[in-house]
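Enquirer: In the working numbering, the protein residues as written are 216 to 474.
(1) Could you please give me the residues that DSSP links to residue 305 through a beta bridge?
(2) Decide if the stretch 432-452 is in contact with the stretch 403-417; the criterion is three or more beta carbon pairs, one per stretch, under 8 Å apart.
(3) Taking the beta strand (DSSP E) that residue 403 falls in, what are its first and last residues?
(4) DSSP on residue 340, reduced to helix/strand/coil?
(5) I'd like to check one pair, residue 441 with residue 388: are the Cβ atoms closer than 8 Å?
(6) Is the CB-CB distance between residue 212 and residue 323 below 8 Å?
(7) Check this for me: beta carbons of residue 307 and residue 314, under 8 Å apart or not?
(8) Have a look at 370, 360, 362, 334 and flag the residue whose alpha-carbon is nearest the alpha-carbon of residue 349.
(9) Taking a contact to mean a Cβ-Cβ separation below 8 Å, would you say residue 165 touches residue 397 in this structure?
(10) Compute the distance between the beta-carbons of residue 433 and residue 472, then report whether it is under 8 Å.
(11) Taking buried to mean at least 16 other C-beta atoms within 10 Å of its own C-beta, is residue 289 buried or exposed?
(12) Based on Cα-Cα distance, which residue from 361, 259, 346, 303 lies nearest to residue 372?
(13) Which value, in whole angstroms, describes the spacing of the CA atoms of residue 460 and residue 424?
(14) Start and end of the beta strand (DSSP E) containing residue 435?
(15) Could you pull the DSSP bridge partners for residue 411 from this structure?
(16) Going straight from the alpha carbon of residue 309 to that of residue 439, what length do you get?
(17) Buried or exposed, going by whether 16 or more other CB atoms sit within 10 Å of the CB of residue 343?
(18) By Cβ distance, which residues of its chain are closer than 8 Å to residue 458, with the 5 residues on each side in sequence left out?
(19) Count the other CB atoms within 10 Å of the CB of residue 263; is the residue buried (16 or more) or exposed (fewer)?
(20) Which whole-angstrom value is the C-beta distance of residue 408 and residue 469, which I expect to be below 8 Å?
(21) Let me confirm a value: residue 341 is counted as buried when at least 16 other C-beta atoms fall within 10 Å, else exposed. Which label applies?
(22) On the criterion of 16 or more Cβ atoms from any shown chain inside 10 Å, does residue 465 qualify as buried, or is it exposed?
(23) By DSSP, does residue 449 sit in helix, in strand, or in coil?
(24) Residue range of the beta strand (DSSP E) that residue 473 falls in?
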């Protein structure tokens, strides 16, 4: 019997080569797993580098904006506390913290005891009998001059209690002392920012509110420890120029705003 030959025709009716011959003429495409890997082109690498650069630039700019916002926050915090201090002094004819307990108990709502007060000597200063720098926050808050509800049961509030803090979670302090740069021996009333503030941020604040120097003017370096360890003057500012070490950006610095 003679084998039947099957012809291959296209849809237009034209004769096509047999299927086995067409397959032999088609180009060979190896399986994906067998293909050699292809590297990035220069254009692709350039695009990747540009994207990385944009991302890094965005991160750095974002960090700069955060630091600038914290600097403004600290300035606003200092201004509001100073205003509250003067308002209390004007209304009660005494300094908050130093305000005698008997008067605080009579005039400030929420004071729980006649012992919650200072010695009335006219200055805010810690003594063995009273922690006036902490009683100050109690008096100001109960006079509704600052936000918060700071409490004390007597003249010696707990130093480890919850007191006003800066954006870096260190406590502030307002009292007469000489814990600031070039203070000499004469204490002055000053409001400390608390520590844990980068030198770059304090330099920014100093340029905005004072002379830009850590050892002079109304805004100076302070070694007050508001938590986490006292700042080092040597690491926070240059003793020769008086300028903050913004380039080194020591993370644990602090300052005092003098009254």
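We put the beta carbon where it would ideally sit given N, CA and C, even for glycine. Keep in mind the model is a prediction, meaning the values are calculated, not measured.
Expert: From the atom records:
(1) One-based indexing of the chain shown puts residue 305 at position 90. According to DSSP, residue 305 bridges with nothing at all.
(2) Judged by Cβ distances under 8 Å, the stretch 432-452 makes contact with the stretch 403-417, as three or more pairs qualify.
(3) Your numbering for residue 403 matches position 188 in the chain shown. Unbroken beta strand (DSSP E) run through residue 403: 403-407.
(4) Along the chain shown, read from residue 1 onward, the residue named residue 340 stands at position 125. DSSP, read as helix, strand or coil, puts residue 340 in coil.
(5) For the purposes of this step, residue 388 is taken as residue 173 along the chain shown, with counting starting at 1. For the purposes of this step, residue 441 is taken as residue 226 along the chain shown, with counting starting at 1. In this structure, residue 388 sits near residue 441, with a CB-CB distance shorter than 8 Å.
(6) With the chain represented from 216 up to 474, any question about residue 212 goes unanswered, as that position is not in the structure.
(7) Locating residue 307 in the chain shown gives position 92, counting from the first residue. Locating residue 314 in the chain shown gives position 99, counting from the first residue. Going by C-beta atoms, residue 307 is nearer than 8 Å to residue 314.
(8) Translated into the one-based positions of the chain shown, residue 349 becomes position 134. The shortest C-alpha separation from residue 349 is found at 370.
(9) The structure shown does not extend to residue 165, since the chain is modelled only from 216 through 474, so no value can be given for it.
(10) Numbered from its first residue, the chain shown carries residue 433 at position 218. Numbered from its first residue, the chain shown carries residue 472 at position 257. Taking 8 Å as the Cβ cut-off, residue 433 and residue 472 qualify as a contacting pair.
(11) Position 74 of the chain shown, counted from the start, is the residue given in the question as residue 289. The residue is buried, with at least 16 neighbouring Cβ atoms inside 10 Å.
(12) By 1-based counting over the chain shown, the position of residue 372 is 157. The candidate whose alpha carbon is nearest that of residue 372 is 346.
(13) Here residue 460 corresponds to residue number 245 of the chain shown, with the count starting at 1. Here residue 424 corresponds to residue number 209 of the chain shown, with the count starting at 1. Here the alpha carbons of residue 424 and residue 460 stand approximately 18 Å from one another.
(14) Translated into the one-based positions of the chain shown, residue 435 becomes position 220. For residue 435, the enclosing beta strand (DSSP E) covers residues 434-436.
(15) Translated into the one-based positions of the chain shown, residue 411 becomes position 196. According to DSSP, residue 411 bridges with nothing at all.
(16) Numbered from its first residue, the chain shown carries residue 309 at position 94. Numbered from its first residue, the chain shown carries residue 439 at position 224. Straight-line Cα distance between these residues: approximately 25 Å.
(17) In the chain shown, residue 343 corresponds to position 128, counting from 1. With fewer than 16 other Cβ atoms within 10 Å, it is exposed.
(18) The residue labelled residue 458 in the question sits at position 243 within the chain shown. 418, 427, 428, 429, 452, listed in sequence order.
(19) Locating residue 263 in the chain shown gives position 48, counting from the first residue. By the 10 Å Cβ count, residue 263 comes out exposed.
(20) To locate residue 408, count along the chain shown from 1; it is residue 193. To locate residue 469, count along the chain shown from 1; it is residue 254. Distance from residue 408 to residue 469 at the Cβ level is roughly 6 Å; contact confirmed, criterion being Cβ atoms closer than 8 Å.
(21) Sequence index remark: in the chain shown, residue 341 carries index 126 (1-based). Residue 341 comes out buried.
(22) Reading the chain shown from its first residue, position 250 is the one you call residue 465. With 16 or more Cβ atoms within 10 Å of its Cβ, residue 465 is classed as buried.
(23) Along the chain shown, read from residue 1 onward, the residue named residue 449 stands at position 234. Residue 449: helix per DSSP, three-state reduction.
(24) Here residue 473 is taken as the residue at index 258 of the chain shown, counted from 1. 470-473 is the span of the beta strand (DSSP E), which, as asked, contains residue 473.
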